[in-house]
Every structure is written in C-alpha cells, then in structure tokens.
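Residue numbers (this note's numbering), protein chains in the order written: chain A, 1 to 340; chain B, 341 to 680. Every residue gets a Cβ at the ideal spot worked out from N, C-alpha and C, and that includes glycine. Treat the numbers as computed from the prediction; the structure is a model and nothing was measured. Everything below concerns the one structure shown next.
Number of protein chains: 2
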Amino acid sequence: MRVTIKDIAKSANVSTATVSKVVNNKVDDISKATIEKVNKVIKEQNYTPNSLARSMVTKKTKTVGLIIPDVRNPFFTDLVRGAEDIAVDRGYNLFFCNTDDDLSKEIRYINTLIEKQVDGIALAGSANRNPDIEKDVNISVPLVTLDRNVYFSKVKGIIEINNFKGAYEATTHLINLGHKDILILVGSQDLKISRDRLRGYKEALKDNNIIINESNIKIGTYDKEFGKKTMDELKCNSSATAIFCGNDLIAIGAMKSLKKQGLNVPEDISIVGFDDIYIASLLTPALTTVHQPSYEIGYKAVELLINKLENKNNVSKSIVIEPQLIVRESTCKIKDKFKI
Amino acid sequence: MRVTIKDIAKSANVSTATVSKVVNNKVDDISKATIEKVNKVIKEQNYTPNSLARSMVTKKTKTVGLIIPDVRNPFFTDLVRGAEDIAVDRGYNLFFCNTDDDLSKEIRYINTLIEKQVDGIALAGSANRNPDIEKDVNISVPLVTLDRNVYFSKVKGIIEINNFKGAYEATTHLINLGHKDILILVGSQDLKISRDRLRGYKEALKDNNIIINESNIKIGTYDKEFGKKTMDELKCNSSATAIFCGNDLIAIGAMKSLKKQGLNVPEDISIVGFDDIYIASLLTPALTTVHQPSYEIGYKAVELLINKLENKNNVSKSIVIEPQLIVRESTCKIKDKFKI
DNA sequence: TTGTATGCGTTATCAT
DNA sequence: ATGATAACGCATACAA
Numbered sequence: 001m002r003v004t005i006k007d008i009a010k011s012a013n014v015s016t017a018t019v020s021k022v023v024n025n026k027v028d029d030i031s032k033a034t035i036e037k038v039n040k041v042i043k044e045q046n047y048t049p050n051s052l053a054r055s056m057v058t059k060k061t062k063t064v065g066l067i068i069p070d071v072r073n074p075f076f077t078d079l080v081r082g083a084e085d086i087a088v089d090r091g092y093n094l095f096f097c098n099t100d101d102d103l104s105k106e107i108r109y110i111n112t113l114i115e116k117q118v119d120g121i122a123l124a125g126s127a128n129r130n131p132d133i134e135k136d137v138n139i140s141v142p143l144v145t146l147d148r149n150v151y152f153s154k155v156k157g158i159i160e161i162n163n164f165k166g167a168y169e170a171t172t173h174l175i176n177l178g179h180k181d182i183l184i185l186v187g188s189q190d191l192k193i194s195r196d197r198l199r200g201y202k203e204a205l206k207d208n209n210i211i212i213n214e215s216n217i218k219i220g221t222y223d224k225e226f227g228k229k230t231m232d233e234l235k236c237n238s239s240a241t242a243i244f245c246g247n248d249l250i251a252i253g254a255m256k257s258l259k260k261q262g263l264n265v266p267e268d269i270s271i272v273g274f275d276d277i278y279i280a281s282l283l284t285p286a287l288t289t290v291h292q293p294s295y296e297i298g299y300k301a302v303e304l305l306i307n308k309l310e311n312k313n314n315v316s317k318s319i320v321i322e323p324q325l326i327v328r329e330s331t332c333k334i335k336d337k338f339k340i
Numbered sequence: 341m342r343v344t345i346k347d348i349a350k351s352a353n354v355s356t357a358t359v360s361k362v363v364n365n366k367v368d369d370i371s372k373a374t375i376e377k378v379n380k381v382i383k384e385q386n387y388t389p390n391s392l393a394r395s396m397v398t399k400k401t402k403t404v405g406l407i408i409p410d411v412r413n414p415f416f417t418d419l420v421r422g423a424e425d426i427a428v429d430r431g432y433n434l435f436f437c438n439t440d441d442d443l444s445k446e447i448r449y450i451n452t453l454i455e456k457q458v459d460g461i462a463l464a465g466s467a468n469r470n471p472d473i474e475k476d477v478n479i480s481v482p483l484v485t486l487d488r489n490v491y492f493s494k495v496k497g498i499i500e501i502n503n504f505k506g507a508y509e510a511t512t513h514l515i516n517l518g519h520k521d522i523l524i525l526v527g528s529q530d531l532k533i534s535r536d537r538l539r540g541y542k543e544a545l546k547d548n549n550i551i552i553n554e555s556n557i558k559i560g561t562y563d564k565e566f567g568k569k570t571m572d573e574l575k576c577n578s579s580a581t582a583i584f585c586g587n588d589l590i591a592i593g594a595m596k597s598l599k600k601q602g603l604n605v606p607e608d609i610s611i612v613g614f615d616d617i618y619i620a621s622l623l624t625p626a627l628t629t630v631h632q633p634s635y636e637i638g639y640k641a642v643e644l645l646i647n648k649l650e651n652k653n654n655v656s657k658s659i660v661i662e663p664q665l666i667v668r669e670s671t672c673k674i675k676d677k678f679k680i
C-alpha cells in the first residue's frame with residue numbers, strides 16, 4: 001500500500017486539508033509549527049503525492065503529447081529534444097509518439113492522448129493527409145502544429161519554417177553557379193512544406209528566366225531510398241547538372257547513387273539538401289544545404305503550446321522561422337562543356 | 341464540460357455500471373439491446389473515457405517512463421524508437437526523459453514519474469553515478485536498466501550488451517592487421533560498459549603478448565569533442581598506429597582531428613569505433629565499428645519491463661545481447677616501415 | 001489557524 | 001441482466 005495524504009494526516013495529527021496545503025505550499029495561514037510537523041512526517045514516511053488524484057480535481061495533468069513521424073529522422077531527433085527541454089523547464093512531461101507518417105496511427109495517438117487527459121498536443125503531422133477524415137476528428141485539447149500542416153479543426157498555434165524562401169535561395173545558389181538544368185527531388189505534395197519548397201524552386205527558375213522542365217520534378221518521400229532510387233533510374237537519361245533535394249536524407253541517397261555510377265559531386269553534378277542534419281557536415285563532400293533550427297522549432301512549438309495552456313495572453317498564434325543556406329562542398333560552378 | 345460516463349448513463353437510461361461494462365467490453369451478461377443502445381449514445385455524444393479516473397481504481401496507468409542520457413546520441417535515437425514501438429504494441433504510452441548524463445536530473449525524473457504513477461521505468465542511466473546517493477532513492481515501481489549499470493536497489497531486469505567481447509574483437513582485429521601500438525579512447529569508468537570495453541581491449545593485447553602501455557589509455561566522455569580534443573593534444577607525440585574508440589562519436593572526432601593534421605585514415609592510422617550508428621557507413625572512409633542493435637535493445641528492455649509488469653512468469657531477469665564487428669574502410673594493415 | 005465534507009470519473013462488489 | 005454504491009487520493013470551498 002502506497003502511503004497517502006490520509007496516512008500523513010493521521011500520523012501528524014492534522015487534517016488531510018492541512019497536509020494538502022503544505023504539500024502544495026499554500027501555507028499562508030498555517031503555523032510554522034504544523035508545517036514542520038507535517039513535513040517531518042512526509043519525509044519519514046517517504047510520501048509522494050499521487051498526480052492522478054490531483055489531476056482529477058485540478059483538471060490539469062501537466063502533461064503534453066508530442067507526435068512526430070519518426071524520431072530516427074535526424075530533423076525530428078533534435079526537434080524532440082528541444083520540445084522536451086522546454087517541457088521539463090515548465091514543469092511538464094512529454095508523451096512520445098511516432099506515427100511513421102501514417103494518418104490513422106496519428107489519429108489513434110491523438111485519441112489515447114486525450115483519454116490520458118494531456119493538457120495539450122504538439123503535432124508534426126504525417127506526410128499523408130486526408131481532409132475528409134481529419135474534419136471528423138474531435139480534438140478536445142489545444143493543438144499546436146509544427147513543421148507540417150494539418151486539416152484538424154481546432155489548431156491553436158502554428159510553428160512553421162519559411163520553406164519557400166529556403167528553396168528559393170537554394171535554387172538561386174545553383175543558378176548563380178551557372179546551372180540551368182536542375183532536378184528537384186521533393187516529398188509528398190499533400191504537405192505544405194513540400195508544395196512551398198517546390199514553389200520556391202519554380203519561382204527561382206522563373207525569376208531567372210529559366211523555363212521549367214516538368215520532367216525535372218520528382219515527387220517522392222523524404223528518405224534516402226527515394227534519392228537513391230530516383231538517381232539510379234535516371235542514370236544518363238538526364239542532362240541535369242545539379243539537384244535540389246527536398247531534404248538531406250534524399251541528398252544522401254542521391255549522392256550514394258551517383259558515386260556508384262562513377263559521377264563526382266560536385267564536379268559532375270552539384271547537390272543541395274535541406275535541413276542541415278548532423279550528418280550533413282560530416283559527409284564527403286560536405287553537403288551544401290538549407291539549415292533549419294530543428295531544436296528551436298521543437299522548443300518554440302511546445303513553448304507556444306504551454307503559453308496557450310496557461311493563458312498567457314498576447315501569445316501569437318503563429319511563428320515563422322527563417323531557414324538559412326549553408327554553402328559547403330557539394331556545389332560548384334558548372335563545367336563549361338564548350339571550353340573543353 | 342467533458343462528457344462523462346454519467347451523462348451517457350442518463351441519456352441511455354441505464355446505470356453507470358452498465359456503461360462501464362460496455363465500454364470495457366465486459367458484456368457477458370448484458371443484453372445485446374442495451375449494448376447497442378449504449379454504444380449509440382457514446383458515439384452520439386462523442387464520449388471518451390477518462391484514463392485518470394480509471395487508473396485511480398485499477399491502479400494501472402498503462403504508462404512507462406523511458407529515461408536516457410540524450411536522444412541526440414544516435415545510439416539512443418534508435419533505442420528510443422524500439423522502446424516506443426513495443427510499448428504501443430502492448431498498449432502502453434511512454435514518458436520521454438533526457439538526463440544529459442546528470443544523475444540528479446535522473447533522480448528528479450524518477451520521482452516525477454513515480455508521482456505520475458507510471459507502471460514501470462526503463463532506464464539507461466547517466467554516465468556519472470554515485471552509489472551513496474543512489475542507495476537512498478526509493479523507487480517504488482519496477483525498474484529495468486538498459487545498456488548502463490546503476491546502483492539503485494530494486495532493479496527488476498537488465499538488458500546489456502557484451503561489451504567485453506565487442507572490445508576484444510575490435511582490438512583483436514587491429515592486432516591481426518599488425519598493429520601493436522594501439523590507443524584506446526573510452527568513457528567514464530563509472531560505467532560498467534566502459535570498464536568492460538577497456539577490459540576487452542586489455543585482454544586482447546594480453547592474449548597476443550603485447551605489453552599494455554598505460555599512456556595509450558585515454559578516459560573521457562562519449563562524444564565527438566573528446567575524440568577531437570584528445571587527438572589534437574596528442575599530435576605527433578604518440579607512436580600509435582591505430583585507435584580503438586569507445587564509440588563512433590569519439591571516432592568521428594578523432595578522424596576530424598587527424599584529417600586536420602594531414603594524417604590519412606586508414607593508411608597512416610587505423611580507427612575502430614563502437615555502436616555502428618547510422619552515420620558510420622556514410623563517412624569517408626566508412627567506419628569499421630562494433631555493431632550494437634540499438635533498436636532491439638530498446639525494444640527488448642521495454643518488452644522485458646512490460647512482461648514483468650504483467651507477471652508473465654518465466655521472464656528472465658537479464659538479457660545479454662552480442663555485438664558484432666563490422667569491418668569497413670577505416671582499418672587496414674600496418675605500413676611496414678622497414679620495407680620502405 | 002485548522003478541519004469537514006464534497007466531488008473529480010471511473011471500476012468493482014454486491015444486490016436485486 | 002442491471003443497478004446502487006463504495007472506493008481510489010486528492011484539492012478546495014466553507015465552516016469552525
């Protein structure tokens with residue numbers, strides 16, 4: 001039998017109300033003597049309050065859910081850590097949920113989180129979405145989305161990255177190096193981030209009077225396999241001299257394929273990634289990529305969520321974070337074929 | 341106001357007991373008609389049970405705590421995912437806690453987890469430990485440790501890797517390539533894994549009649565910085581032709597330093613890591629390392645924990661996982677200086 | 001300054 | 001086949 005507030009009350013010869021008050025430091029009108037007496041007994045009996053019972057009456061669990069696609073994606077690894085840091089800092093705990101980009105899994109998680117009475121949810125949605133299904137999901141707690149758009153009804157806050165700008169700058173960088181025939185490998189167009197990145201790519205080309213070649217646009221998933229497979233299939237059938245990858249994992253897969261084909265990066269083909277995950281700077285050649293502050297994204301998302309929960313007013317609903325192009329070794333000036 | 345079991349009972353003209361039974365599928369002696377009636381009302385009113393209230397009476401939360409040093413260490417990234425997968429599979433949720441190898445943070449987490457009434461805890465302990473302090477911590481829930489030893493009193497299960505063997509094989513591999521003067525960069529000797537890895541190294545040398553040079557043994561932390569700093573300091577002051585690193589991060593740091601010094605891996609110096617994190621195979625040269633199935637370690641740990649919780653008998657208390665040497669490109673035969 | 005009593009939403013026991 | 005009710009451990013309004 002765990003020791004309860006009643007046991008303490010009995011041992012200290014006070015009421016449970018009094019014990020409760022000293023436990024919660026609401027001791028304005030409690031004599032010093034009793035406070036000490038109660039604390040002594042608490043220590044002696046090794047009493048720990050039962051959060052469940054407390055939450056039953058306070059209607060707060062000091063717990064939030066964090067839902068992401070997959071922590072093994074290095075972008076989310078850091079994001080998760082940022083989320084956890086601010087959570088504990090504010091006295092909250094985190095339920096940890098991976099969806100594998102599966103919407104039904106995501107919805108199942110949301111429901112169990114609600115059953116567990118989380119105060120709120122921070123959600124990086126699955127890549128595959130379905131407005132029809134989402135409309136019907138009843139989410140009775142505050143929800144903040146990060147990095148990815150969703151169609152649930154009651155979103156209380158949004159953290160997003162300026163993906164358009166990141167893609168625009170990455171593409172412009174390639175154009176400035178003389179590339180005109182540029183592949184783009186990007187993720188599902190269900191995702192706003194993917195649409196924005198594609199839009200940034202197109203806009204950059206347009207602004208430089210380069211005609212968009214639709215066959216240069218490849219839509220897939222944000223993993224190494226997509227990059228590898230796509231470049232394996234393309235082989236010599238593409239005249240592209242540069243690739244803009246929707247994220248670093250795709251870039252890694254593409255580089256692997258190119259290496260196997262005997263092509264050198266960046267001499268034969270330039271590559272730009274997106275995310276700037278930990279590995280990016282460790283690769284050979286080190287990857288030119290668009291840096292996203294993923295730790296900060298997780299941190300800010302949960303911070304925003306908790307601020308909402310605690311009714312801090314003048315809390316903005318939406319935060320946009322600016323990405324930044326990091327030029328490393330995987331991009332260089334186009335070879336001038338006519339000179340040879 | 342959230343809708344409760346009472347609301348459903350009233351609307352369906354039954355008692356709360358009946359509703360509870362259909363919610364929990366204990367419908368052996370409930371008429372089909374009422375079951376349907378109740379379910380209909382539940383759907384209409386969008387009722388979701390309150391786990392807290394349930395847990396109050398059942399004394400189970402279907403929640404476990406997962407405590408690790410840092411999810412950003414790729415070894416733990418995978419481990420965490422394995423843990424989560426088995427948890428949901430068994431109907432549990434996971435509280436996610438990072439300690440940064442800080443024992444006091446670890447203990448604080450354990451206490452809040454207990455307050456939140458987790459059914460059990462899976463703990464990868466901090467690197468820095470203190471038996472005196474640990475003895476006094478009262479852990480009232482089942483605890484399973486993984487990867488790292490602790491001195492808490494009531495450990496119910498242990499998942500460990502055969503670190504001795506891994507280190508022995510890594511070192512033997514280097515010896516077989518002709519190396520005799522081998523550095524070891526390993527983590528805090530508070531940790532059994534570190535002691536075991538050092539022991540494996542020493543034993544391998546001994547078994548090959550190589551005298552152990554104590555100045556070849558460097559103790560530090562399991563991160564890139566330690567590897568880099570140590571090799572920066574050593575420069576030409578070491579005659580070593582090979583390095584065995586306590587983990588891959590240390591190896592990455594060491595490689596970085598060597599590169600800057602103009603030394604080539606493996607031609608000038610061979611390097612072996614430990615863990616086989618995702619990056620290892622992506623580096624240039626690809627890292628020879630000791631593979632640990634980190635996903636599986638997390639998975640098995642939480643599986644063991646839940647089995648204990650659910651009183652599955654004949655559950656072993658301890659599971660040992662065998663690591664495996666993966667030879668890649670960062671090791672080669674020693675240059676025979678006399679031949680030149 | 002302290003204590004009494006009620007309710008939070010469920011499950012489970014025992015009646016009916 | 002169904003219902004009444006006690007309990008789970010706590011916080012809080014109100015009384016004393």
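| query | result |
| --- | --- |
| Residue 527 (chain B), buried or exposed, once every other Cβ within 10 Å from all chains shown has been counted against 16 | buried |
| Residue burial classification, residue 471 (chain B) (beta-carbon count within 10 angstroms, cutoff 16) | exposed |
| Of the listed residues B:511, B:541, B:377 and B:374, nearest to residue 667 (chain B) (C-alpha basis) | B:511 |
| Where residue 140 (chain A) falls, given that 16 or more other Cβ within 10 Å makes a residue buried | exposed |
| CB of residue 273 (chain A) within 8 Å of CB of residue 242 (chain A), strictly | no |
| Any chain A beta carbon closer than 8 Å to residue 632 (chain B) | no |
| Beta carbon of residue 375 (chain B) nearer than 8 Å to that of residue 367 (chain B) | yes |
| Contacts of residue 289 (chain B) in chain A (Cβ-Cβ under 7 Å) | Shown here, chain B extends from 341 to 680; a query on residue 289 (chain B) therefore has no answer. |
| Chain B residues whose Cβ lies nearer than 9 Å to that of residue 223 (chain A) | The contacting residues do not exist; residue 223 (chain A) stays about 12 Å from chain B at best. |
| Where the segment 34–53 of chain A meets chain B: residues whose CB sits under 8 Å from a CB there | 46, 48, 49, 50, 51, 52 and 53 |
| 8 Å Cβ cutoff, residue 416 (chain A) in contact with chain B | Summary: the structure shown does not reach residue 416 (chain A), with chain A confined to residues 1 through 340, and so no result is reported for it. |
| Those residues which DSSP pairs with residue 558 (chain B) across a bridge | B:525 |
| Cβ contact (3+ pairs, closer than 8 Å) linking the segment 106–119 of chain A and the segment 133–147 of chain A | yes |
| Neighbour list for residue 140 (chain A) in chain B, Cβ cutoff strictly below 9 Å | 342, 386 and 388 |
| Limits of the alpha helix (DSSP H) - the one that residue 45 (chain A) falls within | 32–45 |
| Interface positions of the segment 419–449 of chain B facing chain A (Cβ-Cβ less than 7 Å), listed along the chain | 420, 421, 424, 433, 434, 435, 436 and 438 |
| Minimum length 4: unbroken alpha helix (DSSP H) runs contained in the segment 410–449 of chain B | 414–429 |
| Buried versus exposed call for residue 369 (chain B) [16 or more other C-beta atoms within 10 Å across all chains shown] | exposed |
| C-alpha distance - residue 340 (chain A) paired with residue 262 (chain A), whole-angstrom precision | Note on residue 340 (chain A): pLDDT 36, under 50, position unreliable in the model; the coordinate value appears next. C-alpha separation (whole angstroms): 20 Å. |
| Cβ pair residue 246 (chain A), residue 197 (chain A) closer than 8 Å | yes |
| Residues, ordered as in the chain, of the segment 240–252 of chain A that lie near chain B by beta-carbon distance below 8 Å | 252 |
| Close beta carbons around residue 331 (chain A), own chain, < 8 Å, minus the five adjacent residues each side | 173, 174, 177, 242, 266, 270, 271, 272 and 288 |
| Cβ distance (whole Å) where residue 200 (chain A) is taken to contact residue 323 (chain A) below 8 Å | With a Cβ gap of about 10 Å, residue 200 (chain A) and residue 323 (chain A) do not count as contacting. |
| Nearest neighbour of residue 549 (chain B), chosen from B:520, B:487, B:637 and B:406 [CA to CA] | B:520 |
| Runs of beta strand (DSSP E) lying entirely within the segment 198–263 of chain A, each at least 3 residues, in chain order | 217–220 and 242–245 |
| Residues bridged to residue 122 (chain A) [DSSP beta-bridge criterion] | A:66 and A:144 |
| Run of the alpha helix (DSSP H) containing residue 658 (chain B), from where it starts to where it stops | Taken as a continuous stretch (DSSP letters only), residue 658 (chain B) belongs to no alpha helix (DSSP H), being part of the beta strand (DSSP E) at 658–661. |
| Residue of B:494, B:659, B:579 and B:384 minimising C-alpha distance to residue 553 (chain B) | B:579 |
| Supposed contact pair residue 531 (chain B) and residue 464 (chain B) - C-beta distance, whole angstroms, cut 8 Å | Contact flag wrong, Cβ pair sits at about 11 Å. |
| Where residue 33 (chain A) falls, given that 16 or more other Cβ within 10 Å makes a residue buried | exposed |
| CB contact check: residue 457 (chain B) to chain A, cutoff 8 Å | yes |
| Distance between residue 437 (chain B) and residue 285 (chain A) (C-alpha atoms, nearest Å) | 35 Å |
| Minimum Cβ-Cβ distance from residue 64 (chain A) to chain B less than 8 Å | no |
| Burial state of residue 306 (chain A), where buried means 16 or more other Cβ atoms lie within 10 Å | buried |
| Per-residue burial, residue 398 (chain B) [other beta carbons within 10 Å of its own, 16 or more giving buried] | exposed |
| CB contact flag (residue 352 (chain B), residue 343 (chain B), <8 Å) | no |
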